[in-house]
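With the first letter of the sequence shown counted as 1, position 93 gets the number 226 in our numbering; the numbers rise by one all the way through. Each remark here refers to the structure printed beneath this line.
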Amino acid sequence: MSPDKLSSFDAEQIIDTLQYGVVPSHNANTYSVGREYWLDAVTDDLNYVSKGASKLRFISAKWGGGKTHFLTLIKEKALKLKFVLTYVELNSREAPLDKLETLFKKLIRGLVFPGDLTFNQVLDKWANNFPLYDSAEETNTEIAKICPSLDFRAALRACLTFAKGDRIRHEDILRSVLGWLQGDSISPELKKIGVHNSITNQCNK
């Protein structure tokens, strides 16, 4: 968002946040200067990743050197390019690097989607936009194109069950699927429709 499009409310929020020494979570590009060279490099990385590759970058600076601010700029750039992000602050107790199952849950729960959508909203949008087919076989064929995992296919079918019907049951299922994706225990309802394995133990089953 360019400065001339920034509302007075957003501008006041930025000022209020900065005076407490905290990096605002939105509109970081409106008060940033001198980061173009690094942002251009990150943009090149994102374009590279969008083609199916991977890239690892380390950011090093002294305390107060602007690391969090720069990460916020990267977040805004990536979301603008329709990337899904996650942010985890590693520490030995709550998110240790050597405890992958714990770290995985943190990564999933920290997901950020373009348009400020929640994970539930993303699942709901997918379910409501999924084409209606005449047979379960056609539906299964399309879902199979998404993932080889039988459990994940079953979870996606569950999202479709009440998408265009009972809203309350639909939202209950979405919460169950989201919990499963985050590494929680499998709900009885998901077990009934074919989700049998913990997300952390799956391997193309």
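Built from N, CA and C at the ideal position, the CB exists for glycine as well. Quantities reported herein were computed from a predicted structural model and do not represent experimental measurements.
*Is the Cβ-Cβ distance between Thr163 and Leu139 less than 8 angstroms?*
Locating residue 163 in the sequence shown gives position 30, where the first residue counts as 1. Locating residue 139 in the sequence shown gives position 6, where the first residue counts as 1. Closer than 8 angstroms, so yes.
*Roughly how far, in whole angstroms, is the beta-carbon of Gly316 from the beta-carbon of Ile241, given that I think they are within contact range, below 8 angstroms?*
The residue given as residue 316 occupies position 183 in the sequence shown. The residue given as residue 241 occupies position 108 in the sequence shown. Right, the Cβ-Cβ distance comes to about 7 angstroms (below 8 angstroms), so this counts as a contact.
*asked:* So, with DSSP's three-state summary, where would you put Asn330?
replied: The count along the sequence shown starts at 1 and reaches residue 330 at position 197. Residue state, collapsed to three classes: coil.
*asked:* Quick check on Ala174: does DSSP put it in helix, strand or coil?
replied: The residue given as residue 174 occupies position 41 in the sequence shown. Note: Ala174 maps to helix in three-state DSSP.
*Taking Ser318 as the reference, give the member of Lys238, Thr251, Arg302 with the closest Cα.*
Start at 1 with the first residue of the sequence shown, and residue 318 comes out as number 185. Checked all of Lys238, Thr251, Arg302; the closest Cα to Ser318 is Lys238.
*Beta carbon of Cys280 nearer than 8 angstroms to that of Ala260*: Translated into the one-based positions of the sequence shown, residue 280 becomes position 147. Translated into the one-based positions of the sequence shown, residue 260 becomes position 127. Their beta carbons are not under 8 angstroms apart, which means Cys280 does not touch Ala260 by this criterion.
*Rounded to a whole number of angstroms, what is the C-alpha to C-alpha distance between Glu227 and Ser282?*
Counting from 1 along the sequence shown, the entry for residue 227 is found at position 94. Counting from 1 along the sequence shown, the entry for residue 282 is found at position 149. Roughly 29 angstroms separates the two Cα atoms.
*For Ser309, which residues from the same chain have a beta carbon less than 7 angstroms from its beta carbon, with the 5 sequence-adjacent residues on both sides left out?*
Within the sequence shown, residue 309 is the residue found at index 176, counting from 1. Taken in chain order, the residues that qualify are Ser320, Glu322, Leu323.
_Does Ala186 come out as helix, strand or coil in the three-state DSSP assignment?_
Within the sequence shown, residue 186 is the residue found at index 53, counting from 1. Correct three-state label for Ala186: coil.
*C-alpha gap between Lys195 and Leu250, whole angstroms*: Taking the first residue of the sequence shown as 1, we reach residue 195 at position 62. Taking the first residue of the sequence shown as 1, we reach residue 250 at position 117. Each residue's alpha carbon lies about 33 angstroms from the other.
*Count the other C-beta atoms from every protein chain shown that fall within 10 angstroms of the C-beta of Ala288, then say buried if there are 16 or more, exposed otherwise.*
Your numbering for residue 288 matches position 155 in the sequence shown. Answer is buried; the Cβ neighbour count reaches 16.
*Pick from Ile332, Phe216, Leu256, Phe252: whose alpha carbon is nearest that of Gly185?*
Along the sequence shown, one-based indexing puts residue 185 at 52. Closest by alpha carbon: Phe216.
_Proximal residues to Met134 (C-beta, below 6 angstroms), its chain only, five neighbours per side dropped_ = Translated into positions along the sequence shown, residue 134 becomes position 1. Note that Met134 scores 41 on pLDDT, short of 50, meaning its location in the model is unreliable and no value can be drawn from it.
*My guess is that Thr219 and Leu244 are in contact by the Cβ rule of under 8 angstroms, so how many angstroms apart are they, rounded?*
Translated into positions along the sequence shown, residue 219 becomes position 86. Translated into positions along the sequence shown, residue 244 becomes position 111. Indeed, because the Cβ distance is near 5 angstroms, the residues count as touching under 8 angstroms.
*asked:* Beta-carbon within less than 6 angstroms of Leu223's beta-carbon, same chain only, minus the 5 sequence neighbours each way: which residues are those?
replied: Along the sequence shown, read from residue 1 onward, the residue named residue 223 stands at position 90. Correct list, in chain order: Leu230.
*To the nearest whole angstrom, what separates the beta carbons of Leu311 and Phe252, a pair I think is in contact under 8 angstroms?*
On the sequence shown, residue 311 is found 178 positions in, with the first residue counted as 1. On the sequence shown, residue 252 is found 119 positions in, with the first residue counted as 1. Confirmed, Cβ separation roughly 5 angstroms.
*asked:* Which of the three DSSP states is assigned to Asn253 in this structure?
replied: As a position in the sequence shown, residue 253 is number 120, starting the count at 1. Three-state result, Asn253: helix.
*Using CA coordinates, which residue listed in Ser268, Phe203, Glu145, Asp149 is at the minimum distance from Asp173?*
Along the sequence shown, read from residue 1 onward, the residue named residue 173 stands at position 40. That would be Phe203, whose Cα lies nearest to the Cα of Asp173.
*Cβ of Thr205 within 8 angstroms of Cβ of Val156?*
Indexing the sequence shown from 1 puts residue 205 at position 72. Indexing the sequence shown from 1 puts residue 156 at position 23. Yes, the pair counts as a contact, with Cβ atoms nearer than the cut-off.
*With a cut-off of 8 angstroms on the beta carbons, I'd call Ile326 and Arg302 a contact; round off their distance for me.*
Numbered from 1 along the sequence shown, position 193 holds the residue referred to as residue 326. Numbered from 1 along the sequence shown, position 169 holds the residue referred to as residue 302. That belief does not hold up - the Cβ atoms of Ile326 and Arg302 are roughly 12 angstroms apart, past 8 angstroms.
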